[in-house]
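Per the working numbering: the sequence shown ends with 731, consecutive numbering throughout. The beta-carbon is built from N, C-alpha and C at its ideal position, and this holds for glycine as well. Just below is one structure, and these are the notes that go with it.
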Amino acid sequence: MAPKPAVAPVAKAAAPAVAPAAPADAGKLVAGRLEAWRQAWEAKDSARYLAFYGSAFVPAGNKPRAAWETDRRAKLDKKGEIKVVLGAPSFKLEGEVVRVSFEQRYQSGNYSDVVNKQLEWVKDGGDWKIRREAQL
Numbered sequence: 596m597a598p599k600p601a602v603a604p605v606a607k608a609a610a611p612a613v614a615p616a617a618p619a620d621a622g623k624l625v626a627g628r629l630e631a632w633r634q635a636w637e638a639k640d641s642a643r644y645l646a647f648y649g650s651a652f653v654p655a656g657n658k659p660r661a662a663w664e665t666d667r668r669a670k671l672d673k674k675g676e677i678k679v680v681l682g683a684p685s686f687k688l689e690g691e692v693v694r695v696s697f698e699q700r701y702q703s704g705n706y707s708d709v710v711n712k713q714l715e716w717v718k719d720g721g722d723w724k725i726r727r728e729a730q731l
């Protein structure tokens with residue numbers, strides 16, 4: 596009986612490279628983060644609310660970050676409820692940045708406003724965080 600011919604080992608296919616998030620996927624992920632940010636703000640949960648702001652976040656007007664956080668905590672610690680309603684957001688993916696624009700309606704016992712806002716979200720520590728916040 597003739598020896599069986601050697602069979603060459605079958606090469607394993609290389610694992611496909613992980614593609615970056617498609618615009619719709621990034622929009623979905625950020626949409627969930629946007630709603631969680633709104634809920635934390637409305638719940639006046641300052642620790643959770645501030646955790647949505649990334650390490651690269653610079654408050655408007657170049658206010659020092661620590662002063663901005665102290666101010667935000669003081670406002671959230673005030674008595675009374677607040678209501679935050681966001682209009683339908685629009686998402687724009689530009690490289691590694693997701694820009695979200697929306698109408699924001701804010702109401703508390705002694706103050707209310709309606710502004711058009713844009714948040715810039717970037718990956719920071721494995722999660723989407725706010726890098727920039729602006730009124731349009």
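- In the same chain as Gly622, and ignoring 5 residues on each side of it, the C-beta atoms closer than 6 Å to its own belong to Phe686, in chain order.
- Beta-bridge pairing by DSSP links Ser703 to no other residue.
- For Glu664, DSSP assigns no beta-bridge partner whatsoever.
- Contact check between the region 636-649 and the region 661-681: three or more CB pairs, one atom from each, fall below 8 Å, which counts as touching.
- When only Cα atoms are considered, Arg667 and Ile725 end up about 15 Å apart.
- In this structure, the CA atom of Tyr701 is about 16 Å from the CA atom of Glu728.
- By the neighbour-count definition (other C-beta atoms within 10 Å, threshold 16), Val717 is a buried residue.
- In this structure, DSSP gives Glu630 a helical state, which the three-state scheme calls helix.
- Straight across, the Cα-Cα distance linking Leu681 with Glu689 is about 22 Å.
- By the beta-carbon neighbour count (other beta carbons within 10 angstroms, threshold 16), Ala662 is exposed.
- Closest option to Glu630, judged by alpha-carbon separation, among Gln730, Trp723 and Leu731: Trp723.
- A Cβ-Cβ distance of about 11 Å is found for the pair Lys678 and Gln699, leaving them out of contact under the 8 Å criterion.
- Put simply, the backbone Cα of Thr665 is about 22 Å away from that of Asp708.
- When C-alpha distances from Ala651 are compared across Arg660, Ser696 and Tyr644, the shortest belongs to Arg660.
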